[in-house]
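The opening position of the sequence shown corresponds to residue 587 in our numbering, with each subsequent residue numbered one higher.
Beta carbons: idealized from backbone N, C-alpha and C, even for Gly.
Treat the numbers as computed from the prediction; the structure is a model and nothing was measured.
These notes concern the structure reproduced below.
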Amino acid sequence: MGWAERLTQKGTPMAAVFLVTLYEYSPLFYIAVVFTCFVVTTGLVLGWFGWDVPVILRNSEETQFSTRVFKKQMRQVKNPFGLEIINPSSASITTGITLTTDCLEDSLLTCYWGCSVQKLHEALQKHVSCFRISTPQALEEALYSEYLYQEQHFTKKDSKEEIYCQLPSDAKIEDFGTVPRSRYPLIALLTLAEKDNRDIYDIISMVSVIHIPDKTYKLSCRILYQYLLLAQGQFHVLKQLYMSANSNSTPTSSPSSEERSTNHSSLEKAGLGESEVEPPEESSRDCVVCQNGPVNWVLLPCRHTCLCDGCVRYFQQCPMCRQFVQESFALCSQREHDKDKKKPM
């Protein structure tokens with residue numbers, strides 16, 4: 587008695603008997619089944635049927651590439667303060683530091699030597715929750731006098747006078763200890779001198795954290811952080827925007843003078859967390875992709891400023907560092923571009 591006959595006698599459905607018989611006597615059936623499974627699997631992976639494919643079947647680059655880049659809506663904010671270090675290579679704890687300001691209004695430059703790191707960040711939080719730090723007195727109250735020495739200088743509007751700051755000789759401070767430190771070497775606070783001017787600007791003060799080399803920590807003098815304090819009880823951190831160095835044009839002016847002193851190849855615009863500074867002047871910098879359109883888009887989180895209005899729509903990875911772009915914003919709106927084009931040559 588054959589195998590098919592035994593299955594039939596035990597009540598097996600005729601369809602099953604047919605398939606078994608076909609499998610035994612037709613190798614082409616097995617090949618057809620394997621080929622069909624291959625086609626269906628390929629269609630699922632490539633999305634032929636419009637069904638969602640498990641992430642495990644896609645590589646990480648394809649998954650991240652399909653995410654939509656969010657374009658932030660920015661607003662213009664005028665920063666009345668500018669601060670720059672003169673000859674940072676010659677600055678030290680013992681010899682002092684030379685600063686220059688470039689402010690739109692008469693301002694006060696208040697320097698706090700050896701300021702407590704913890705108290706400074708507590709003061710920034712108090713600006714958000716308790717009271718506005720619009721004067722040196724307000725910051726001193728928030729710091730609880732946790733600094734070693736304080737000096738204050740009056741700066742005229744649009745004056746770029748050099749201001750020399752130094753610890754007194756009787757302080758006998760040669761360093762601030764090993765890293766991590768409990769004190770910043772120097773905190774420079776810029777506030778508006780006239781009370782009436784504080785109602786004109788959204789930004790009412792700027793706090794700059796400056797590192798000055800000493801006997802223990804000899805990193806070159808530089809501005810570590812800059813915080814813009816807003817009248818509405820917010821603060822933003824100024825960050826550099828990076829541009830391709832393949833340009834002979836000089837950097838455009840910007841509210842952030844830290845960027846002018848530390849990185850001449852970067853776009854000197856203030857990268858605010860929720861707002862944008864004034865639009866840049868017309869520049870000869872070209873897009874790194876088409877080499878034709880002017881650079882106008884900032885890619886986040888890498889902060890590379892390298893694409894024009896035409897090319898930005900085609901990239902979900904930064905063309906300079908290949909990092910995936912999560913957000914982007916324009917330095918200048920299309921309306922402002924059109925306005926610039928209409929200007930007579």
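Q) CB T721 to CB T687, shorter than 8 Å? A) no
**Q.** Supposed close pair I683, E760 - CB separation, criterion 8 Å
**A.** The Cβ separation is near 15 Å, so there is no contact.
Q: Tell me, please, which residues DSSP counts as bridged to E748.
A: T686
Q | Backbone CA spacing between S702 and C689 [nearest angstrom] | A | 27 Å
Q: May I ask you to report which of helix, strand or coil DSSP gives P887?
A: coil
Q.
Tell me which residues share the same chain as L729 and place their Cβ nearer than 6 Å to its Cβ, disregarding the 5 neighbours each side in the sequence.
A. K705 and A709
Q.
For V935, which residues in the same chain have their Cβ closer than 7 Å to its Cβ, ignoring the five residues on either side in sequence?
A. Beyond the ends of the chain as shown, which are 587 and 931, falls residue 935; an answer cannot be given.
Q: Please name the residue, chosen from K758, T681 and R784, that lies closest to P666 on a Cα-to-Cα basis.
A: R784
**Q.** Rounded separation between K781 and E691 - CA only
**A.** 11 Å
**Q.** Backbone secondary structure at D800 - three-state DSSP
**A.** coil
Q | Rounded separation between K801 and G763 - CA only | A | 9 Å
Q) Near S791, what residues of its chain come up, given a Cβ to Cβ distance below 7 Å and the 5 sequence neighbours on each side ignored? A) I719, S720, L775, L776, T777 and L815
**Q.** The alpha helix (DSSP H) enclosing P722, as first and last residue numbers
**A.** P722 to L729
Q. Can you name the residues that DSSP bridges to Q903?
A. F910
Q) Exposed or buried, what is H850 when buried is set at 16 or more other beta-carbons lying within 10 Å of its beta-carbon? A) Below a pLDDT of 50, predicted positions are generally treated as unreliable, and H850, at 34, falls in that range; no measurement from the model is reported.
Q: Go through its chain and collect everything with a Cβ distance to L632's Cβ below 8 Å, but skip five positions before and after it.
A: none
Q) In chain order, what residues of the same chain lie with their CB nearer than 8 Å to the CB of E647, ignoring the 5 residues before and after it? A) Unreliable positioning characterises E647 in this predicted model, as indicated by a pLDDT of 47, which lies under 50. The coordinate reading is nonetheless provided below. Here the set comprises nothing.
Q) If we count the other Cβ atoms within 10 Å of its Cβ and call it buried at 16 or more, is Q826 buried or exposed? A) buried
Q: Please confirm whether any heavy atom of the ligand NAD lies closer than 7 Å to the CB of Y787.
A: Of the ligands one can find in the structure shown there are none, so the ligand NAD has no counterpart to examine.
**Q.** Sequence-distant residues of the same chain with beta carbon closer than 6 Å to D895, five excluded per side
**A.** N882
Q. Rounded to the nearest angstrom, how far is the Cβ of I773 from that of A677, given a contact under 8 Å?
A. The pair is not a contact, with the Cβ atoms about 15 Å apart (cut-off 8 Å).
Q) Any idea what DSSP makes of L630, helix, strand or coil? A) helix
(Q) Considering Cα atoms alone, identify which of Q818, V823, G819 and K804 is closest to Q812. (A) V823
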